[in-house]
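Asker: As numbered in numbering that gives the first Met the number 0, residues 0 to 124 make up the sequence shown, in order.
Yeah, the Cβ is synthetic: ideal placement off N, Cα and C, and Gly gets one too.
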Amino acid sequence: MEVRNYETVFILTPVLNETQVQETIEKFSQVLKENSADIIHTENWGLKKLAYPIQKKNTGYYFLVEFTGSGNIVDVLELAFRRDERIIRFLTTVLDKHAVAYSQRRRNGEMNQQKAQKQSEAVAQ
0 MEVRNYETVF ILTPVLNETQ VQETIEKFSQ VLKENSADII HTENWGLKKL AYPIQKKNTG
60 YYFLVEFTGS GNIVDVLELA FRRDERIIRF LTTVLDKHAV AYSQRRRNGE MNQQKAQKQS
120 EAVAQ
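1) Put N71 into one of helix, strand or coil per three-state DSSP.
2) Going residue by residue through the segment 27-83, where are the continuous beta strand (DSSP E) segments of at least 3 residues, counting only ones entirely within it?
3) Taking all protein chains shown into account, do 16 or more other C-beta atoms lie within 10 angstroms of the C-beta of L31, making it buried, or fewer, making it exposed?
4) The alpha helix (DSSP H) with N4 in it runs from where to where?
5) Measuring alpha carbon to alpha carbon, tell me which of A121, K96, T12 ends up nearest K47.
6) How should E42 be labelled, buried or exposed, when 16 other C-beta atoms within 10 angstroms of its C-beta is the threshold for buried?
7) Use the C-beta contact count for G108: other C-beta atoms within 10 angstroms, 16 or more gives buried, fewer gives exposed.
8) Can you tell which of T23, K55, L63 has the C-alpha that lies nearest to the C-alpha of R105?
9) Classify G68 as buried or exposed, calling it buried when 16 or more other Cβ atoms lie within 10 Å of its own Cβ.
10) Using a threshold of 8 Å, state whether the C-beta atoms of E77 and T91 are closer than that.
Structural data, given as structure tokens:
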């Protein structure tokens with residue numbers, strides 16, 4: 000089976016405290032590890048306002064997980080998301096080579112450096 004790069008963003012309900020949030024993140028990291036996926040990167044985007052109410056909630060904890068694995072890992076992960084009542088929404092996408100390169104540059108902070116450099120050049124002129 001071919002190994003692919005994936006990116007999952009999921010939203011947790013805002014009624015959880017910090018320890019419950021960490022437990023939930025660990026639970027899904029463990030699901031990935033048990034199914035031989037390699038976690039590349041995780042990001043905690045924090046508590047954000049939702050674009051529209053979901054389950055009568057206006058905010059949620061956003062998390063991003065980048066990982067590699069075979070095709071069946073997505074089914075296993077999404078089944079675990081559906082079974083957990085703490086998850087409001089989730090979205091998993093397959094990353095192509097351009098998206099993988101973009102994610103690598105974003106993780107290294109190159110995106111903000113280029114933007115700051117352009118702004119400093121504009122100010123210098």
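Answerer: In brief:
1) N71: helix per DSSP, three-state reduction.
2) Along the length of the segment 27-83, whole beta strand (DSSP E) runs at least 3 residues long occupy 37-53, 56-68, reported in chain order.
3) When all chains shown are included, L31 counts as buried.
4) That residue, N4, is in no alpha helix (DSSP H); its beta strand (DSSP E) goes 3-11.
5) Residue T12 holds the alpha-carbon nearest to the alpha-carbon of K47 among A121, K96, T12.
6) Exposed.
7) With fewer than 16 other Cβ atoms within 10 Å, it is exposed.
8) Of the listed residues, the one whose Cα sits closest to R105 is L63.
9) Burial of G68 is indicated by the presence of at least 16 other C-beta atoms within 10 angstroms of its C-beta.
10) Yes; because the gap between Cβ atoms is below 8 Å, this pair is in contact.
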